[in-house]
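Visitor: Sharing a structure with you now.
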Amino acid sequence: MDEHIEKIYSLISKFDTAMLVTHRPDGIDHARPMAIAKVDPNCDVWFFSGGVSEKASEIEGDSKVLLAFQKDHSVYVSLTGRAQLIADSTQLAELWKPAYKVWFPQGLDDPNLSLIRVNAHSAEYWDSTGFTGVQYLFEAAKAFATGTTPKVNEPEQHGKVNLK
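According to this note's numbering, the sequence shown is numbered sequentially starting from 2.
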């Protein structure tokens with residue numbers, strides 16, 4: 002696997018939720034938090050959803066979506082892709098977790114249950130964890146003292162990745 006794709010995968014696979022941004026018919030973007038069911042090594046992201054819902058309707062109207070991930074002030078990822086609705090009972094059973102009963106009380110027997118798969122196209126990340134975080138704090142302090150902007154260490158701390 003490409004090292005840049007591995008970087009995105011290593012970052013987003015640590016998240017439990019993401020903000021899913023879809024496009025309404027009136028041209029306004031609509032964001033909502035979603036529990037992540039699975040992240041594939043190619044960075045495709047899976048969610049459970051109602052097959053008949055506002056977000057499903059928005060995806061059917063325009064499959065381009067954005068996923069936004071954030072952890073404290075240390076990791077940010079923006080991922081773009083195309084979403085598709087999947088109602089395959091085998092895949093639903095494979096990804097199901099008891100915690101999803103909060104949203105789907107009928108569990109796998111819910112006739113409205115479906116999956117959203119976001120086929121990842123590109124991503125941008127900002128990673129200030131570990132030693133890169135220490136480096137950034139040093140650069141930020143130096144920039145503050147000198148009236149400049151901090152130097153960003155690429156690609157460890159920031160990068161743009163084409164996933165397809």
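Backbone N, C-alpha and C fix where the C-beta goes; we use that ideal spot for every residue, glycine too.
On the CB-based measure, 16 or more other CB atoms within 10 Å of its CB, does residue 9 come out buried or exposed?
Guide: As a working mapping, residue 9 is identified with position 8 in the sequence shown. With 16 or more other Cβ atoms within 10 Å, it is buried.
Visitor: In chain order, what residues of the same chain have a beta carbon less than 6 Å from the beta carbon of residue 165, not counting five sequence neighbours either side?
Guide: Locating residue 165 in the sequence shown gives position 164, where the first residue counts as 1. Around residue 165: 122.
Visitor: Per DSSP, residue 68 forms a beta bridge with which residues?
Guide: Working through the sequence shown from its first residue, we reach residue 68 at position 67. Beta-bridge pairing links residue 68 to 21, 80.
Visitor: Can you tell me where the alpha helix (DSSP H) holding residue 93 begins and where it ends?
Guide: Taking the sequence shown and counting its residues from 1, one reaches residue 93 at position 92. Note, residue 93: alpha helix (DSSP H), 90-96.
Visitor: Mind checking residue 60: buried by the 16 CB within 10 Å criterion, or exposed?
Guide: Looking up residue 60 in the sequence shown gives position 59. The residue in question, residue 60, is buried, as its Cβ has 16 or more Cβ neighbours within 10 Å.
Visitor: Closer than 8 Å is the cut-off here; do at least three beta carbon pairs connect the stretch 107-114 with the stretch 70-82?
Guide: Touching, no.
Visitor: Could you check where the beta strand (DSSP E) with residue 148 kicks off and where it finishes?
Guide: To locate residue 148, count along the sequence shown from 1; it is residue 147. Looking at the DSSP string, residue 148 is not in any beta strand (DSSP E), and its letter there is neither H nor E.
Visitor: Helix, strand or coil for residue 110? Go by DSSP, reduced to three states.
Guide: As a first step, residue 110 must be located in the sequence shown, where it is residue number 109. Helix at residue 110.
Visitor: What is the rounded straight-line gap between the Cα of residue 24 and the Cα of residue 32?
Guide: Walking along the sequence shown from the start, residue 24 turns up at place 23. Walking along the sequence shown from the start, residue 32 turns up at place 31. Looking at the two C-alpha atoms, the distance is approximately 9 Å.
Visitor: Buried or exposed, going by whether 16 or more other CB atoms sit within 10 Å of the CB of residue 82?
Guide: Along the sequence shown, read from residue 1 onward, the residue named residue 82 stands at position 81. The residue in question, residue 82, is buried, as its Cβ has 16 or more Cβ neighbours within 10 Å.
Visitor: Helix or strand or just coil, what does DSSP make of residue 160?
Guide: Sequence index remark: in the sequence shown, residue 160 carries index 159 (1-based). Note: residue 160 maps to strand in three-state DSSP.
Visitor: Go to residue 5, then tell me how far its alpha helix (DSSP H) extends in each direction, as first and last residue.
Guide: Position 4 of the sequence shown holds residue 5. From DSSP, the alpha helix (DSSP H) with residue 5 extends over 4-13.
Visitor: If you follow the alpha helix (DSSP H) that residue 57 is in, where does it begin and where does it stop?
Guide: In the sequence shown, residue 57 corresponds to position 56, counting from 1. First-last of the alpha helix (DSSP H) with residue 57: 55-62.
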